[in-house]
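Numbering (our numbering), first residue to last: 980 to 1187.
Cβ atoms here follow ideal geometry from the backbone N, Cα and C, with glycine treated the same way.
I have placed the structure first, in the form of structure tokens, so that the comments after it can refer back to it.
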């Protein structure tokens, strides 16, 4: 189900209790747990439950988020929330996009991933530095029901990367209208404007 529009309508509400965060990325789990605080949920990560990471075979952020959420819900018997997110660079025709994590390689070296993005953009004469982050959230129940929501934040790329906060490509992303990169922002400031926060606002309005 889409979170489009100002007042997304979910078919199913999420009841207080255990919720699996279908991610093995500790930074992402921490950020999602913070965004869910105060809603009566006992958050547990897929890593804590020793759930395997499914292969992300979808062709969109939403498809990959649904795939991960449904896999975790099936294996745990609990509602599961998955996020698929990435950075889309205009000069690279939207890459790395859904392959953002894969650009970091098996060792999840996002320093190298950022260097790859910078190198690719630098090869293009007068390339624009416009980019945006996308976050798709999928909430799945063990019976197969899924709700999904998608958020976005626009900005520009900076080089060299700035800041040690956040995770992933945060240090090279300067959100529009701000002087600090996501890598320099305090968690609270980032949560106020991020793509993940945008998707969460839609989800919270719909499911609680």
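Whether residue i touches residue j by CB criterion (8 Å)
i: residue 1112; j: residue 1181; result: no
i: residue 1152; j: residue 1066; result: yes
i: residue 1130; j: residue 1162; result: no
i: residue 1177; j: residue 1160; result: no
i: residue 1071; j: residue 1108; result: no
i: residue 1126; j: residue 1009; result: no
i: residue 1089; j: residue 1098; result: no
i: residue 1155; j: residue 1133; result: yes
i: residue 1145; j: residue 1169; result: yes
i: residue 1060; j: residue 1030; result: no
i: residue 1046; j: residue 1036; result: yes
i: residue 1179; j: residue 1018; result: no
Boundaries (first-last residue) of the alpha helix (DSSP H) holding residue i
i: residue 1007; result: 1005-1015
i: residue 1027; result: Residue 1027 -> no alpha helix (DSSP H), and no H or E assigned at all.
i: residue 1041; result: 1040-1055
i: residue 1166; result: 1166-1172
i: residue 1097; result: 1089-1101
Range covered by the beta strand (DSSP E) that runs through residue i
i: residue 996; result: 996-1000
i: residue 1113; result: 1109-1119
i: residue 1152; result: 1152-1154
i: residue 1125; result: 1125-1136
i: residue 1061; result: 1059-1068
Buried versus exposed, by CB contacts within 10 Å (16 or more), residue i
i: residue 994; result: exposed
i: residue 1004; result: buried
i: residue 1167; result: exposed
i: residue 1048; result: buried
i: residue 1101; result: exposed
i: residue 1173; result: buried
i: residue 1103; result: exposed
i: residue 1081; result: exposed
i: residue 1171; result: exposed
i: residue 983; result: Summary for residue 983: the model assigns pLDDT 44, below 50, so the residue's position carries little reliability; its value from the coordinates is reported in the next sentence. The residue in question, residue 983, is exposed, as its Cβ has fewer than 16 Cβ neighbours within 10 Å.
i: residue 1075; result: buried
i: residue 1140; result: buried
i: residue 1050; result: buried
i: residue 1185; result: buried
Nearest-angstrom Cβ-Cβ length linking residue i and residue j, presumed shorter than 8 Å
i: residue 1115; j: residue 1044; result: 4 Å
i: residue 1041; j: residue 1117; result: 7 Å
i: residue 1120; j: residue 1033; result: Rounded, the Cβ-Cβ distance is 17 Å, inconsistent with contact.
i: residue 1062; j: residue 1077; result: About 12 Å separates the two Cβ atoms, so there is no contact after all.
i: residue 1015; j: residue 996; result: About 12 Å separates the two Cβ atoms, so there is no contact after all.
For this session: May I ask you to verify whether the stretch 988-1008 touches the stretch 1023-1042, counting CB pairs closer than 8 Å and requiring at least 3?
Result: Touching, yes, given that three or more Cβ pairs across the two stretches are closer than 8 Å.
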